[in-house]
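Residue numbers (UniProt numbering), protein chains in the order written: chain S, 1 to 334; chain E, 1 to 334. The structure appears below as C-alpha cells.
Number of protein chains: 2
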Amino acid sequence: MVTLADVAQHAGVSASTVSYVLSGKRSISTSTRERVERSIDQLGYHPNAGARALASSKSNIIALMVPLRTDMYVPVMMEIAISVATTARAHGYDVLLLTGEEGPATVRRIEGSALADAMILMDVELHDDRLPLLRETGRPAVLIGLPADPSRVSCVDLDFAAAGALCVEHLARLGHRDIAVIGEAPAVYERHTGFAERTLAGLRERGRELGVRLLHRPCEGSYAAVAATLARVQEERPGTTAFVVQNEAATDPLLALLRQQRRAVPEDVSVMAICPDQVAAHASVPLTAVAVPAQELGRYAVEQVVAKIEGRGSDEVVLLAPELTVRESTGPRP
Amino acid sequence: MVTLADVAQHAGVSASTVSYVLSGKRSISTSTRERVERSIDQLGYHPNAGARALASSKSNIIALMVPLRTDMYVPVMMEIAISVATTARAHGYDVLLLTGEEGPATVRRIEGSALADAMILMDVELHDDRLPLLRETGRPAVLIGLPADPSRVSCVDLDFAAAGALCVEHLARLGHRDIAVIGEAPAVYERHTGFAERTLAGLRERGRELGVRLLHRPCEGSYAAVAATLARVQEERPGTTAFVVQNEAATDPLLALLRQQRRAVPEDVSVMAICPDQVAAHASVPLTAVAVPAQELGRYAVEQVVAKIEGRGSDEVVLLAPELTVRESTGPRP
DNA sequence: GTGAAAGCGCTAACAG
DNA sequence: CTGTTAGCGCTTTCAC
C-alpha cells in the first residue's frame, strides 16, 4: 500500500508538503508541486480514506436514504439515486446507500460513527420521524420531498401543487369539465407522503376556480387495479372526458383499457400524466405530461448539501416549477 | 462526540477493555462487560468509522458498482441494489453506491483509498475491463453476471441459457413450432453483455433439439419500437404462434399490440417472458414467465462477498436454476 | 481478566 | 515556501 510518506520520500519532500499539494491549502512552488504530482501518479498513490476522515473529521461521503417500499414508482427513485451518485462524484463525494428501514436509528448510527458528512433523504413523510434527530445533530441535510415542518433542513421537490393546477388548466382550456384523477396507491396516501396530497390540493383548488368537476381515486399500478378503478369512475361519472394519472405505472394499463373500449385518445377522451418525460414520451400514445424532473432533483439536492458542508448555503425550500409538455394524448372535449 | 475513551472513563475501565467488549476478541468478566455496555448506550456511543478503518484496515463497507446506462431494465437493478443494501446491513456492512462511469479508474480509486473491503459489480460485460484490475488487487469481489473468464473472481447469475431452454421446452410441449424472440435493446448485444447472448444460445440450442424455428430480434422497450419489431416478425414469419420476450419493458406494449390486432392471448398466440415475477404477475395478461430472481441475486452476492472478507468462501460461479411459472399467457398452438 | 502503549495514515497548527 | 510535530479514535500487541 502506498502512503503519503512514501510519496514524500520519493519526491524528496516532507509529508505535509504532499498533503498541501493535495489539498491546495497553501501555496507550493511550481517545481516541487510538479515533482510531488509526478511521484503521486508514478507510485499510484491514493489517500487512505479512513486516515483522512479521522484526521480531518470529513469523510467525503454523503448518505442517501432511499425508501425500502415497493409501492412507489421505482424508476424515479433509481433515476434520482443515480443522479445523486453522479453529481456527488463530480464534487468529490461518494454516496452511501441506506435503505430507510430503521429510520431514526440509522440517522443516529451515521451521525455517531461520523460515516457521512451529510444526508439526503428521499420518500419524506409529512411528519417524518427522522427529522427531529436530523435537526438535533446539526449535520447538513437535504430532503427530497416536503415535510409539514421544513424548518432547519433544506428541501427540494417538484411543486406538485402547481403541477396539479397546470394539469387542470390545460384540460379546462380544452373544454373538459369532468376530470378523473387516477392517483397513487392507497398506501401512499395513508403514509401521508406529501407529494400526493399536494398534487391533489393543487388539482382541486384550480378545479374549483375553473369550475371543473374532479373525481379522485387512489389506484395501484397493476392492470387489474386500473381496470377496476376505471370501471368505477365510468360508473360514477359517465361524463368524464379526461384523466390525470399520477401513478406512472397506471398510464399504460389505462391507455390499453381505453383502447379496448374503443375510446380513442385523444379524440374521445384525453389522458395526461405526472411522470418522468421518458415515460411519457414512450407510452403507446405519447403523453401530454408534467415532468417529474428526477435528475434535477438529485443534482440539486447534492449541490445544496455540498454547499452546506462547505459552509456556504443555508436552509431553504426549493420547489421546482413544473413544466407541461403537450404531446398527443390530449385534445378538445368531444 | 462520544469516544471510546469517554466510555472507558464512564465505566471505570481502560480503553482496550471497551474495545474488546465491542469486538468480543477476548473474554471479559460478565460484570465489567455489563458495566461497559451500560455506559455505551447511556452515552449513546458509536465507534468512529474512520478511526476504526484506519486502525483495523477494515472499513465495513461494500462497494456496489451499478451501470449508468439507461438501456437496461431499471427495476431489476433497483431491486438488486436494495437487496444488496439490506443484506449487507444484516451482516454489519454499509454499501457504497458507485456508478459505473469510469470503470477501471473507480476500481483503482476504491482499492487505493481502502474505502471498501470488497466490491460487487453489476452489468458485467463479456470482456469487462474492470476484471484485470480487480484480480490484481486481490480484494474480494463478486460479479452479478458472467464474464468470458470468471477465474479468480466469484460470479452469481441466473442460468440464462437454462432459462432460454426452459422457454422453448414449454412452448414446444404446447405444440408451437415457430417462435419469435423479442430480445433486449440492440445496445445490450453490442456491448456483449453476457446474459442476453447466453439466453439466446439456450433458446437456440433447445430449439434445434426440439425442431422449433426461432426468429430473434433485438428491440427497444418503447411502444413504437415494439410495434415495428412485431410488424417485421409477422411479415418474415407469418406462422409465428409464440413469443418469448426478454426485454421486460416490451411485454406490455406487445400485449397491447396483439390485442389491437384481435389476436387473443393465449388462444391465438402465446407470450412468455423472462422477467421479475412481479412484472409478470401484473401484466394485462398474467404472464407465463421465467423469473429473474433479483433479490436472491443481491442477497447471494453479499453473502458470498462477506464470506470472502472473513476468509471463508472461495471463488466460484453460481448459476441459479431458472424457475418457470405458468400463468395465463401461454396455451396450445391454435 | 485487564491495562499501557505503540501505531494506523493523514491533517493542521506551529515554526522557520 | 517548506519542514516538524502533535494528535484524530481505535485496534492490538505486549505485559501483568
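Glycine included, C-beta positions come from ideal geometry on N, C-alpha and C.
Neighbour flag for residue i against chain E, beta carbons, 9 Å
| i | result |
| --- | --- |
| Ser59/S | yes |
| Met122/S | no |
| Arg208/S | no |
| Glu101/S | yes |
| Arg299/S | no |
| Ser23/S | no |
| Ala49/S | yes |
| Pro332/S | no |
| Ala256/S | yes |
| Arg259/S | yes |
| Asp252/S | yes |
| Arg38/S | no |
| Leu68/S | yes |
Residue-level contact to chain S via CB, residue i, 9 Å cutoff
| i | result |
| --- | --- |
| Ala283/E | yes |
| Thr86/E | yes |
| Gln42/E | no |
| Ala81/E | yes |
| Glu111/E | yes |
| Arg327/E | no |
| Met272/E | no |
| Ser222/E | yes |
Which residues DSSP lists as bridging residue i, in chain order
| i | result |
| --- | --- |
| Asp157/E | Leu319/E |
| Thr193/S | Glu125/S |
| Val244/E | Val181/E and Met272/E |
| Met1/S | None; Met1/S has no bridge partner. |
| Arg213/S | Asp178/S |
| Leu324/S | Val290/S |
Bounding residues of the beta strand (DSSP E) (the contiguous stretch that carries residue i)
| i | result |
| --- | --- |
| Ala180/S | Asp178 to Ile182 |
| Val285/E | Looking at the DSSP string, Val285/E is not in any beta strand (DSSP E), and its letter there is neither H nor E. |
| Val142/S | Ala141 to Ile144 |
| Thr99/E | Asp94 to Thr99 |
Per-residue DSSP class, three states only, for residue i
| i | result |
| --- | --- |
| Val290/S | strand |
| Thr30/S | helix |
| Arg198/S | helix |
| Met78/S | helix |
| Leu68/E | coil |
| Asp41/S | helix |
| Leu166/E | helix |
| Ala63/S | strand |
| Val302/S | helix |
| Ala8/S | helix |
| Ala118/S | strand |
| Arg204/S | helix |
| Asp277/E | helix |
| Glu296/S | helix |
| Pro186/E | helix |
| Thr330/S | coil |
| Val265/E | coil |
| Ala90/S | helix |
| Ser83/S | helix |
Check whether residue i and residue j have beta carbons under 9 Å apart
| i | j | result |
| --- | --- | --- |
| Ala105/S | Val95/S | no |
| Ile179/E | Val226/E | no |
| Met119/S | Arg139/S | yes |
| Val317/S | Leu121/S | no |
| Pro253/E | Val290/E | no |
| Leu171/E | Ala242/E | yes |
| Leu115/S | Pro47/S | no |
| Arg204/S | Leu214/S | yes |
| Glu220/S | Pro75/S | no |
| Val124/S | Tyr300/S | no |
| Ala53/S | Ala53/E | yes |
| Gly100/E | Leu68/E | yes |
| Leu319/S | Leu158/S | yes |
Alpha helix (DSSP H) segment containing residue i, residue limits
| i | result |
| --- | --- |
| Ser56/S | Ala49 to Ser56 |
| Asp252/S | Thr251 to Gln260 |
| Arg22/E | Rather than Arg, the amino acid found at residue 22/E in this sequence is Leu. Element bounds for Leu22/E: Ala15 to Ser23. |
| Val233/S | Tyr223 to Glu236 |
| Gly103/E | Gly103 to Ser113 |
| Pro132/E | Leu131 to Thr137 |
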